[in-house]
Amino acid sequence: MKNIMLWVRRYVTVYGIIMLCTFFMCLLFNPASELPVITFFGRIMVFTLIGLLSLVVYYSKEELTVKAWWVRTVLHLLLLEAVLLPLAHHWGFWHSGPDIVIYAGFILLAKALWLLVDYGISIKTAAQINERIRRNRLEKRIGKE
Numbered sequence: 008m009k010n011i012m013l014w015v016r017r018y019v020t021v022y023g024i025i026m027l028c029t030f031f032m033c034l035l036f037n038p039a040s041e042l043p044v045i046t047f048f049g050r051i052m053v054f055t056l057i058g059l060l061s062l063v064v065y066y067s068k069e070e071l072t073v074k075a076w077w078v079r080t081v082l083h084l085l086l087l088e089a090v091l092l093p094l095a096h097h098w099g100f101w102h103s104g105p106d107i108v109i110y111a112g113f114i115l116l117a118k119a120l121w122l123l124v125d126y127g128i129s130i131k132t133a134a135q136i137n138e139r140i141r142r143n144r145l146e147k148r149i150g151k152e
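Per this note's numbering, the very first residue in the sequence shown carries number 8; after that it's consecutive.
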């Protein structure tokens, strides 16, 4: 159940990041646009699912080194661009050469936001783990005395 809640939280986070980027993209480049709400939200849900499924590139049986993490991060970004750009074009989210550059830039921005959010979550988790380790060590010392 805990893993399911983790993935639900990640899904909501990624969905929020995509919606935030979409808002600014429309605000800056097409403020008069009108979106078919139900279709648009459904398509963004599919984008979010693809974004989460693409995290499989980080899967490893061993702890990733810093270099391996960076390689997989770049690979993940390329995978997102390669999958999301054609899908967005098919759905009419972009139409011309300058549009693809803008859209690719917003995918990059969304990836950067995800890294910041994930970093914040990781710091919080690391602090909790470190506190638990300190308590265990303290309990062992008290138990030996």
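Beta carbons: idealized from backbone N, C-alpha and C, even for Gly.
Fair warning: this is a prediction, and the values are worked out from it, not measured in the lab.
Assuming residue i contacts residue j under a Cβ cut-off of 8 Å, what Cβ separation, rounded to an integer in Å, is found between them?
i: TYR110; j: LEU122; result: In fact, because the Cβ distance is near 19 Å, the residues do not count as touching under 8 Å.
i: THR55; j: TYR18; result: 6 Å
Do you know offhand how far residue i's Cα is from residue j's?
i: ARG2; j: LEU120; result: Because the chain in this structure spans residues 8 to 152, residue 2 falls outside the shown range and cannot be described.
i: ARG148; j: THR132; result: 24 Å
i: ARG139; j: LEU13; result: 20 Å
i: ASP106; j: ILE11; result: 36 Å
i: PHE48; j: LEU87; result: 19 Å
i: LYS9; j: PRO43; result: 35 Å
i: LEU116; j: VAL81; result: 13 Å
i: VAL108; j: HIS83; result: 18 Å
i: TYR65; j: ARG16; result: 18 Å
Where do the ends of the alpha helix (DSSP H) carrying residue i lie?
i: LYS9; result: 9–36
i: GLU88; result: 73–97
i: LEU60; result: 44–60
Within a Cβ cutoff of 8 Å, which residues of the same chain sit near residue i, ignoring the five residues on either side of it in sequence?
i: ILE51; result: TYR22, ILE25, MET26 and THR29
i: VAL90; result: ILE57 and SER61
Among residues of its own chain, excluding the 5 on either side of residue i, which ones have a beta-carbon nearer than 7 Å to its beta-carbon?
i: SER40; result: CYS33
i: ALA95; result: TRP101 and TYR110
i: LYS118; result: LEU84 and LEU87
Tell me which same chain residues have a C-beta within less than 6 Å of the C-beta of residue i, skipping the five on either side of it?
i: TRP98; result: ARG50
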